[in-house]
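Protein chains in written order, with our numbering: chain A, 44 to 310; chain X, 44 to 310; chain B, 4 to 412; chain P, 4 to 412. The C-beta atom is built at its ideal place from N, Cα and C for all residues, glycine as well. This structure is a prediction, so every number in the text was calculated from the model and none was measured. Notes follow the structure.
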Amino acid sequence: MTSHTLKKNFDKLKEKKETALITYTVAGDPDKETSLEILKSIAKSGANIIEIGLAHNTPIGDGKEIQNSAHRAISNGILVKDLFDIIEDFKKNYSTDIIIMTYYNMILQFGADNFVNECRRTKVSGIICVDLPWPENKEFAEKCKNNSISFIQLVAPTTSKERLNKIIKDSHEMIYYISMLSTTGGDLKSSPEEILKNYNDVKNIDPSKKYVIGFGITENTISALKSADGLVVGSVLCKEITKSIKSGQNPVTNVANMIVKLKNKIQ
Amino acid sequence: MTSHTLKKNFDKLKEKKETALITYTVAGDPDKETSLEILKSIAKSGANIIEIGLAHNTPIGDGKEIQNSAHRAISNGILVKDLFDIIEDFKKNYSTDIIIMTYYNMILQFGADNFVNECRRTKVSGIICVDLPWPENKEFAEKCKNNSISFIQLVAPTTSKERLNKIIKDSHEMIYYISMLSTTGGDLKSSPEEILKNYNDVKNIDPSKKYVIGFGITENTISALKSADGLVVGSVLCKEITKSIKSGQNPVTNVANMIVKLKNKIQ
Amino acid sequence: MIEIKKGIPLIDQHDENGFYAGKFGGSYVPETLKKPIEDLTIAFEKLRYDESFLKERDYYFKNFIGTPTPFIKLENLTKHLGGANIWCKLVSKATGGAHKVYNATVHSLLAKRLGKKYIVGDTGAGYAGKMLSMAAAKFNLKCKIFMGTKDISRQAINCFSMKSFGAEIVPVDSGSKTLVDAVSECIRYWVANCDTTHMAIGSTVGPNIFIKICAWSTAQISKELKSQLISYFGSVPKKLKLLNCVGGGSSAAGFFNEFIDDENIELIGIEAGGPENGKHAAPLTNNCKIGVLHGAAQYVLQNSEGQIEETESIAAGLDYPGVSPLHCFLKEAGRARYTSASDEEALEAFKLVSRLEGFVSPSLEPSHAFAEAIKIAPKLSKDTILVVNSCGESSKDHNIIAEKLGYKL
Amino acid sequence: MIEIKKGIPLIDQHDENGFYAGKFGGSYVPETLKKPIEDLTIAFEKLRYDESFLKERDYYFKNFIGTPTPFIKLENLTKHLGGANIWCKLVSKATGGAHKVYNATVHSLLAKRLGKKYIVGDTGAGYAGKMLSMAAAKFNLKCKIFMGTKDISRQAINCFSMKSFGAEIVPVDSGSKTLVDAVSECIRYWVANCDTTHMAIGSTVGPNIFIKICAWSTAQISKELKSQLISYFGSVPKKLKLLNCVGGGSSAAGFFNEFIDDENIELIGIEAGGPENGKHAAPLTNNCKIGVLHGAAQYVLQNSEGQIEETESIAAGLDYPGVSPLHCFLKEAGRARYTSASDEEALEAFKLVSRLEGFVSPSLEPSHAFAEAIKIAPKLSKDTILVVNSCGESSKDHNIIAEKLGYKL
Ligand SMILES: Cc1ncc(COP(=O)(O)O)c(C=O)c1O
Ligand SMILES: Cc1ncc(COP(=O)(O)O)c(C=O)c1O
């Protein structure tokens, strides 16, 4: 149950003692086609897991960079079915695990069952829902599990010990560890050492699961955190797309170059 | 006691069965010299009594036309001593009775004694003080009387019977009957017949005194009121001065022409 | 059929997960906020029964907010309309000029109790922000207010107040540049700063605890009204209708609160109908679908995809795509009736009420409620009592109204 | 030496001709007004003891004006200044935002009793006009407000209110285009319309009867204060100082009224010092000569000829060359002390008070009184009680203040 591919992916990485590089870009940013090309180039450049954002226009957990990307995507008319088209297309040639990240209202309006069915159909490995925390997510997580999709729990520095135990108990293979109090893309507020200390405390609750660290990870901070099971980079990539568009450059190649750089830093 | 000249003037008019034409212009309007010339031309054109305004900058009884004249005079720097200069100059060649019309603060700041002394020195016949009603004016009226100057009481359509009796009893030879509820220069609100009826009621209280009607008297209304002892025209003349200035004409001749016209209408 | 549990406060009608009628409300928040929200919930549930806290609250309500606000009969308007008796609860007389001061004061007191030195809040009409800045200044809290740039320019007076109280206004230039974006940005800020900072949401929206705190604060209005009704009429009148505009719904929730159990009393919520032939901001009136906005499930203007739709209203305080789960609940239970007034109707109501009833000078939000009163009063019997909550004061809207009504200033 | 007669209200300290201390006040009016003034005097002297009239007044004071206004301690300001205890009477909480509402309400009630259908008044800051329009709308009187064109442009919000209440604003473009000219024009209008129209002068200036009505109306403030002092302190404190800005002087007269006989209490009037290196509007502070302005003898800014001088103040409500005969009397009797604050000091006071005491948001007029409190408090003992009358609300001044303090709106 839950995602077989994601489990296998992590097992392989463990064997190779490799840290998973997990990327986040927004479906439809800057447009449907280019965002697919970006996903492909990300996959080719060595990312291990790909998060793809389904943009919502009242995001309460995102920082400026991701908001900009989401704004572009929505302005360009991205729809839920476009997201699945993109994933479906991607999956024709690539096997990299795909995780959808979105807000609950997007799932609700599409219909939770429909959403999960589409995920299964397009071979999505997992779902992150920013504003569907535990225990509110129990029913939906169950639904994901029943469809071999990982529902990825988030834990934060504010999460209490008691909650941590319960969340991890209910979690699937992958857990998202929020590095600090921040929306996505803020500057790291704590030293990597501190973050890793807290991270390890969390991981020790159930070392059999995989824990990825996200929020605030940049070219500068990524290598210091490489002992984690995986590291998520999102704002850095969204910013790269924004910069590329502004300077008339190709976001596809720029993002690819960035992936290579990041991947190198954690090898 | 009180003004001998004023008394004689009225006596003579009575003999001739003539209605007194009383003018009002502002000292220093449009400037010191011209206002003196205006007085002279008024006298030459047949006015019987000349009121001259000592402008105050917060007049509470004046309409727009007189306010404009006062404003010009003050802007041109007219001072109390200028007023007396003008009168003194005028009196060198003319014997027409001069009555000063002003507000109490002007008298107060000059000093009531000084003011009356200057009036006597310059052969002023009377004083009208807009905001010094009976009984507040008792002391000052007494001072005037002691200096052979008429203090001219005003009575209005709102003045009660009881007050009328007292005011007329305390009055000197001339009483100013305000034709209607208005600041100076308004349109006549009642018919001349009504005004004259009220006027006669007042006059009958003591027919030995002289009663002049003022407020709202224009070229159009003057002849209907000619049965009064005297009629005051002010706003009409001030307006003539304003118009003359605006059209680049000579206010002295224009005012003189107006006087002739008005005088004709009450003959 | 949804039933309202008798004898239980409106804010306690939710289930253990914070849902009213099993489907409205909840706490759909990023994990980071779970702990601060839990802390706040525990603190509030304790403090709301704490004698010393209640004493403090009552002290500031009385001495700073100036409660009770007047309850007055609008003789001229009643006569003019020739039907029901129209009364007004002049909540705009509360310090600062609107009901938003209750919630702001309570949040500031809570922040102090929680040991927080910083407080943040959202604002649309600017009142929530003004009041929060005002209370923050008094209680020595550093204050940041999130406000859409469209609202900043149309509600400049309230911005002036915020600045003078030393608050920082953070302009929000995303989306519709109005309240919805301000709330999002405010929540985002809190996500990043919840360790040091208390957040006050400006209406009965957001995660359940914020709805509860807000409605608990504004409930003061109906407590006053009830005792004023009894003191004027001997008892709560039988034929009574309460009218209140509904943006987020904090004013209406506070106005209805004490009367929920008394089914004789009609509760009427008036939403923003927007410009005729334009957009609106009336999710209840227009049977919008349930969605999740700002952490709570509610009726909300959205497209079929789940994107929140842009709204339009002349009243900045009503210009919000969602509505309190409390009102969704009252609607679903058939306890309150919801309708809307257009921009034009609100303006006409403003005009009429101002001309006839000098002492009432409603801002554009309560003008919507007056519009409904004007519509229904003529058809009602003379022994019917309509009470309108005039919950905001017009000066903040002077430029908008003057322009629309052609007053040259 | 002038003595204040004990046990006699301040407004009854005049002689049979309406003069205080034999030289201030009186009724220097055109003959036309003698009768209407006499009628008004008779009516007022009867009504002020008439139970039904007093009941009506009290009803509207309570229900429309919202009395009593709060009396609050300014803890933060007190701490910041480190001397006397600073308290505030928050008169700006009265409906409409200033003490002017008392006089306006009483005049409107009088007009009704006198059977007048029209009412006119002057205004400077716009509050007197706003309040009169407001009361007039309520009591079905047609209302005209005279206002200097300079004031119209700097106090636009209050003009908006007047228009919305259906009043006509008559712009006065003569002289300094401020209050002094508005009052003159208003009196002139009354001269021409006194048969149908009631006039309300906006402060304790003008012919004596207007001074009396106005101070009788605002006396409500010190009645409230006295009972609030007693309720907070058990009795009226020994070391008490009352601070109030003085334009015409209606706010200060009302604030001092109940305390005149208690000579322990220091009464401090603060006039407008104007811009540093500029003109001022402070006849008492600057020992101006006695003159007659608007029907009454008083200290007044004038040149040696008797022309009234132009004044300058950032506070439109204080921008007046004369001052109430009541204050001339209190000064002459040594009972009250008068001083001034400059524009700059008032602005600084506004800034400090707003930052430290959110709930108080003084307009520029009471900011002058706060400026004096800020000056003297640090030098006073901790058991001294300063009470400042915050008699106006800042929103009308938002543009001026924002510009001067560099707030971008
Ligand atoms: C005066 C006024 N009324 C009503 C509202 C609408 O909010 P709510 O429905 O929460 O009372 C606002 C919001 O800013 C407001 O300022
Ligand atoms: C708020 C405020 N305070 C003070 C004044 C000054 O007038 P008075 O001295 O009559 O109170 C005004 C006049 O408009 C005012 O609006």
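Of the residues the options, the one placed nearest residue i, counting alpha carbons only
i       : options                               : result
V175(B) : N161(B), F163(B), G151(B) and H283(B) : G151(B)
Y137(X) : I93(X), R163(X), K306(X) and I260(X)  : I93(X)
C172(X) : P178(X), M144(X) and C281(X)          : M144(X)
P200(A) : K37(B), A114(B) and I160(B)           : K37(B)
G127(P) : K399(P), E406(P) and C197(P)          : K399(P)
K252(A) : E237(A), S290(A) and K212(A)          : K212(A)
E131(X) : A113(X), A98(X), K83(X) and P102(X)   : K83(X)
C394(B) : K8(B), A131(B), L50(B) and P286(B)    : A131(B)
A98(A)  : T62(A), Y147(A) and T202(A)           : Y147(A)
R163(A) : E262(A), I192(A) and K57(A)           : I192(A)
Backbone CA spacing between residue i and residue j [nearest angstrom]
i       : j       : result
S234(A) : F183(A) : 35 angstroms
D15(P)  : K50(X)  : 43 angstroms
N111(A) : G71(A)  : 12 angstroms
L93(P)  : I68(B)  : 11 angstroms
V411(P) : F149(B) : The sequence as given places Lys at residue 411(P); Val does not occur at that position. Their backbone Cα atoms lie some 16 angstroms apart in a straight line.
S95(P)  : V198(X) : 44 angstroms
G89(A)  : I81(A)  : 13 angstroms
D174(X) : L122(X) : 20 angstroms
D125(A) : I65(A)  : 22 angstroms
K141(B) : L355(P) : 12 angstroms
E6(B)   : A336(B) : 6 angstroms
G257(B) : E54(B)  : 21 angstroms
R338(B) : E266(B) : 8 angstroms
K209(A) : E216(A) : 14 angstroms
E161(X) : T62(X)  : 29 angstroms
L321(B) : I404(B) : 16 angstroms
N392(B) : G276(P) : 43 angstroms
Whole-Å CB distance - residue i paired with residue j, under 8 angstroms assumed
i       : j       : result
E269(P) : K244(P) : 4 angstroms
Y23(B)  : L329(B) : 7 angstroms
Y254(A) : I284(A) : In fact, because the Cβ distance is near 27 angstroms, the residues do not count as touching under 8 angstroms.
V123(B) : Y62(B)  : Contact doesn't hold; Cβ gap of about 25 angstroms is too wide.
G309(B) : M149(A) : 4 angstroms
V101(B) : E396(B) : The question names Val, but residue 101(B) in the sequence shown is Ala. That belief holds up - the Cβ atoms of A101(B) and E396(B) are roughly 7 angstroms apart, short of 8 angstroms.
L287(B) : A376(B) : About 18 angstroms separates the two Cβ atoms, so there is no contact after all.
D125(P) : A185(P) : 4 angstroms
Distance cut-off 7 angstroms: residue i Cβ against heavy atoms of ligand 2
i       : result
E406(B) : no
C197(B) : no
G250(P) : yes
Y130(P) : yes
P369(P) : yes
K141(B) : no
Residue i: CB within 7 angstroms of a non-hydrogen atom of ligand 1
i       : result
K107(X) : no
H401(B) : no
K242(B) : no
A255(B) : yes
S327(P) : no
Distance cut-off 7 angstroms: residue i Cβ against heavy atoms of ligand 3
i      : result
K26(B) : In the structure shown, ligand 3 is absent; the only ligands present are ligand 1 and ligand 2.
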